[in-house]
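Numbering (the UniProt record's numbering) for the sequence shown: 1 to 118. All residues carry an ideal CB built from backbone N, CA and C; glycine is no exception.
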Amino acid sequence: MGKVRVSNIKIYANHGCLKEETIIGSDYQVNVEVDADLKKASQTDELSETVDYVHINHIVKEEMSIPSKLLEHVAQRILNRIFTEIPIAKKVKVAVSKINPPIGGDVQEVTIILKSKR
1 MGKVRVSNIK IYANHGCLKE ETIIGSDYQV NVEVDADLKK ASQTDELSET
51 VDYVHINHIV KEEMSIPSKL LEHVAQRILN RIFTEIPIAK KVKVAVSKIN
101 PPIGGDVQEV TIILKSKR
């Protein structure tokens with residue numbers, strides 16, 4: 001087994017329960033960790049045998065571009081697509097953070113984390 005991490009994907013998106021949030025948008029940061037058997041890739045040197053981090057970044061950007069009320073909903077969509085599109089993924093962890101959330105205080109970020117396994 002091995003892990004592929006794609007860290008600190010920075011995205012501007014329009015998520016939130018408040019109407020203003022979906023109009024104005026906010027900065028987000030997404031972290032993805034995928035557990036998979038990377039032994040074959042380590043021997044063959046073939047991209048098709050591993051978890052392509054470019055593909056993960058693409059999935060994150062596409063799903064973050066679809067406005068949602070809840071970060072949990074966005075994270076679940078990312079999880080679902082990784083399992084659908086990356087067959088060797090065994091376990092996936094997705095963390096979505098809203099930077100400087102509008103919650104009436106000095107809060108750097110709020111983060112939700114979802115994990116799932118095949």
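Close Cβ partners of residue i (< 7 angstroms) along its chain, the five nearest in sequence each way excluded
i: Asn-57; result: Val-6, Ile-9
i: Lys-117; result: Lys-90, Lys-91
i: Leu-38; result: Gly-2, Thr-50
i: Ala-63; result: For the sequence presented, residue 63 should be read as Glu rather than Ala. Taken in chain order, the residues that qualify are Val-74, Arg-77, Ile-78, Arg-81.
Nonlocal neighbours in the same chain, by C-beta distance under 8 angstroms from residue i, ignoring five residues either side
i: Lys-61; result: Ile-9, Ile-11
i: Ile-86; result: Val-34, Ala-36, Val-51, Asp-52, His-55, Ile-56
i: Ile-103; result: Val-110
Endpoints, the beta strand (DSSP E) within which residue i is located
i: Ile-56; result: Where Ile-56 is concerned, there is no enclosing beta strand (DSSP E), although the alpha helix (DSSP H) it sits in stretches over 53-64.
i: Val-74; result: Careful: Val-74 lies outside any beta strand (DSSP E), inside the alpha helix (DSSP H) at 71-85.
Residues that residue i bridges to, as DSSP identifies them
i: Lys-91; result: Asp-35, Lys-117
i: Gly-2; result: Ala-36
i: Glu-109; result: Ile-99
Limits of the unbroken alpha helix (DSSP H) element including residue i
i: Glu-21; result: 19-24
Rounded distance between the beta-carbons of residue j and residue i, thought under 8 angstroms
i: Ala-75; j: Ile-112; result: 6 angstroms
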